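Visitor: Residue numbers (the working numbering): 376 to 540. Where is the CB? At the ideal position from N, CA and C, for every residue including glycine. Here the structure is a predicted model, which means the values were calculated and not measured.
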Ligand SMILES: [Ca+2]
């Protein structure tokens, strides 16, 4: 029975572009269903509904392909709305934030608009990775704070936002 079921499951899952965490088709385009995480004013935050692990470059590709920009958390109100969602869902995968200090160590900027971070919510000892950690991610469980991480980290889920007018 096993020998019949397993190839079948593999064939079905392999036919989907995005299926589950850690598994990715080689023809990744980034287009996927998204979950609404929070709405704050004109800004709506979304994460990849398939919870697929992606690299930072794939995260950029994902947001762009879905007509969004990489996430930026710019106020305590936005942070609180995002935390409320993850408290409700008990979601546990780390999420990419659209922030980096890749161009100037210690000078953290949001990619969207190349704006310097004014509001931040780093873990107390972060960022602390120096030149080895130039991208930011969000821990969706307590204490719900931000960490610096290597940009080559491939165990984060895409997190984007879109401004509606
Ligand atoms: Ca750094």
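Quick one: which unbroken beta strand (DSSP E) runs of 3-plus residues sit fully inside the region 508-536? Chain order, please.
Guide: Fully enclosed beta strand (DSSP E) runs of 3 or longer: 510-513 and 521-524.
Visitor: If you drop the 5 nearest sequence neighbours on each side, which residues of the same chain put their C-beta closer than 7 Å to that of residue 466?
Guide: Here residue 466 refers to the residue found at position 91 when the chain shown is read from its first residue. Excluding sequence neighbours, residue 466 sits near 515.
Visitor: Grouping DSSP H, G and I as helix and E and B as strand, with all else coil, what is residue 379?
Guide: Position 4 of the chain shown, counted from the start, is the residue given in the question as residue 379. Confidence at residue 379 is low in this model, with a pLDDT of 43, below 50, so the placement of that residue is unreliable and no value is reported for it.
Visitor: Near ligand 1, which residues have their beta-carbon less than 7 Å from any of its heavy atoms, given in chain order?
Guide: The set, ordered by position in the chain, is 476, 480, 481, 502, 504, 505, 506, 508, 509 and 523.
Visitor: On the premise that residue 421 lies in contact with residue 358, defined as a C-beta separation below 8 Å, what is that separation, rounded to the nearest angstrom?
Guide: Residue 358 is absent from the structure shown; the chain starts at 376 and stops at 540.
Visitor: Below 8 Å, how does it come out for the region 403-413 and the region 494-506: are there three or more Cβ pairs, yes or no?
Guide: Contact fails: fewer than three Cβ-Cβ distances are below 8 Å.
Visitor: Do residue 415 and residue 468 count as a contact pair if the criterion is CB distance below 8 Å?
Guide: Indexing the chain shown from 1 puts residue 468 at position 93. Indexing the chain shown from 1 puts residue 415 at position 40. No, the Cβ-Cβ distance between residue 468 and residue 415 is not below 8 Å.
Visitor: Along the chain, where does the alpha helix (DSSP H) containing residue 408 start, and where does it finish?
Guide: As a position in the chain shown, residue 408 is number 33, starting the count at 1. Careful: residue 408 lies outside any alpha helix (DSSP H) and carries neither H nor E.
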